[in-house]
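Everything on this sheet refers to the single structure shown next.
In the UniProt record's numbering, the protein residues as written are 1 to 459.
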């Protein structure tokens, strides 16, 4: 892997959908860099510090959320002189997002008073009253033709279906939830999944015309759903719960066909490899080099001061994994499946049980078994699958990048001083990886994964 130098950032950073540019927030400035040369191609000055940025789907426009003001500013890469400013006045702006056609911006006001659709073509706007959430509760079909928006009135949740062409309401139907948490269209646009708040275990599948296709409730009298995710192929729906289990439903009968438990003790027989991150002191062989005594002494001091590399070590079963029992007298317990992510081919799904924050579980959906377990030294901050193949990267807030493929797992040291990875993102073609530190970022050129790659844990 090859790494760039580090560049300053003070907020969000993200690739454009076409992978040509990187947008970086630096205080009140929006910096657009070329992905190949990393030269600055555009520089836009906003009216306040940038809290949020989002590219339009066509990569021609980009919006900046200035939530302290509160205000939205949008910019054009092809027409730098073009500007757009959205201000809701006293209503405020809690969140903003692009529509699939890249010519409309949807904003949600403070206190969820209304959702407004702003046109960049003719300055027209459409209002939807009482949206349920600020940043959640809105989902678009894959073809970009329809939007599903959750609203709440008279103590009841509703789904509003809007045409993304005319922004007219095509239909409204009530849903059987106590306190709707979120909504998501299926990848084939044939169904809508909604789920209730953690106080009520309820996952509901609706057709676009408002018919309830299936109601799923794994158990009662306990904290319920924590995370939900469609597989990219649209055939599986993964539901992570507070009972520390991952359940997978199929799209034909909506029945559960797999239940994966996250146990603190792993016993055999188990076909999965268990990789544990261990320290490896940096040792230099000076026996055949003619160097001064001072140089050798300095290197030995570096090793004694804790300059370590890391590697994965394959562990023998049985193994007891580190487990944190959440306190019973505090709200929002750190337990349950708080993180899950599908591989692009839908064969694998990785999960993190929040009561075991240093453990990443990788499940094989094709064989319905655990494929690998990664035991890290620090809590897992972020994970991301390569959009082109079954390769997973993760970070833990350390100076190392961790990767897993079906062939094995390995650690990569970041060759930048004082750089710790707190977040990471792939570009759309899987050739480049964006790594974020607290106040800087860098990119890594990732080699294409060969068909029959053989990685060892020491690489």
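Ideal Cβ placement from N, Cα and C applies to all residues, glycine included.
Do residue j and residue i come within 9 Å of each other at the CB atom, strictly closer than that value?
{"i": "residue 85", "j": "residue 94", "result": "no"}
{"i": "residue 193", "j": "residue 183", "result": "yes"}
{"i": "residue 203", "j": "residue 217", "result": "yes"}
{"i": "residue 336", "j": "residue 244", "result": "yes"}
{"i": "residue 206", "j": "residue 159", "result": "yes"}
{"i": "residue 35", "j": "residue 22", "result": "yes"}
{"i": "residue 386", "j": "residue 426", "result": "yes"}
{"i": "residue 392", "j": "residue 376", "result": "no"}
{"i": "residue 48", "j": "residue 232", "result": "no"}
{"i": "residue 269", "j": "residue 308", "result": "no"}
{"i": "residue 210", "j": "residue 338", "result": "no"}
{"i": "residue 99", "j": "residue 144", "result": "yes"}
{"i": "residue 342", "j": "residue 230", "result": "yes"}
{"i": "residue 378", "j": "residue 358", "result": "yes"}
{"i": "residue 267", "j": "residue 199", "result": "no"}
{"i": "residue 117", "j": "residue 125", "result": "yes"}
{"i": "residue 275", "j": "residue 384", "result": "no"}
{"i": "residue 3", "j": "residue 327", "result": "no"}
Can you tell me where the beta strand (DSSP E) holding residue i begins and where it ends?
{"i": "residue 34", "result": "29–34"}
{"i": "residue 1", "result": "It is not in any beta strand (DSSP E) - residue 1 carries neither H nor E in the DSSP assignment."}
{"i": "residue 350", "result": "348–353"}
{"i": "residue 411", "result": "408–413"}
{"i": "residue 389", "result": "First-last for residue 389: undefined, no H or E at that position."}
{"i": "residue 213", "result": "212–216"}
{"i": "residue 338", "result": "337–342"}
{"i": "residue 422", "result": "Run containing residue 422: none; DSSP gives neither H nor E here."}
{"i": "residue 151", "result": "146–153"}
{"i": "residue 160", "result": "156–163"}
{"i": "residue 226", "result": "225–230"}
{"i": "residue 274", "result": "273–281"}
{"i": "residue 45", "result": "40–45"}
{"i": "residue 13", "result": "13–15"}
{"i": "residue 220", "result": "Counting along the chain, residue 220 falls outside any beta strand (DSSP E), and DSSP gives it neither H nor E."}
{"i": "residue 465", "result": "Any answer about residue 465 is impossible in this case: the structure gives the chain only from 1 up to 459."}
{"i": "residue 182", "result": "180–185"}
{"i": "residue 118", "result": "114–119"}
{"i": "residue 133", "result": "From DSSP, residue 133 is part of no beta strand (DSSP E); its letter is neither H nor E."}
Comparing C-alpha positions only, which one of the options sits nearest to residue i?
{"i": "residue 400", "options": "407, 274, 420 and 387", "result": "420"}
{"i": "residue 277", "options": "394, 336 and 437", "result": "394"}
{"i": "residue 368", "options": "347, 308 and 312", "result": "347"}
{"i": "residue 166", "options": "101, 108 and 426", "result": "101"}
{"i": "residue 315", "options": "262, 50, 373 and 49", "result": "373"}
{"i": "residue 191", "options": "200, 177 and 213", "result": "213"}
{"i": "residue 331", "options": "223, 28 and 98", "result": "223"}
{"i": "residue 325", "options": "99, 333 and 318", "result": "333"}
{"i": "residue 435", "options": "428, 424, 445 and 429", "result": "424"}
{"i": "residue 13", "options": "90, 65, 200 and 181", "result": "65"}
{"i": "residue 147", "options": "384, 249 and 136", "result": "136"}
{"i": "residue 388", "options": "443, 450, 438 and 411", "result": "450"}
{"i": "residue 320", "options": "251, 5 and 264", "result": "264"}
{"i": "residue 55", "options": "103, 151, 407 and 142", "result": "103"}
Opposite residue i in the DSSP bridges: which residues?
{"i": "residue 68", "result": "Residue 68 is not bridged to any residue."}
{"i": "residue 250", "result": "236"}
{"i": "residue 445", "result": "2 and 432"}
{"i": "residue 400", "result": "413"}
{"i": "residue 361", "result": "351 and 373"}
{"i": "residue 93", "result": "Paired residue(s): none; residue 93 is not in a bridge."}
{"i": "residue 171", "result": "161"}
{"i": "residue 311", "result": "278"}
{"i": "residue 103", "result": "None, per the DSSP bridge assignment."}
{"i": "residue 108", "result": "95 and 115"}
- Should the segment 106–114 be called in touch with the segment 8–23, which here means at least 3 C-beta pairs below 8 Å? Not touching, per the Cβ criterion.
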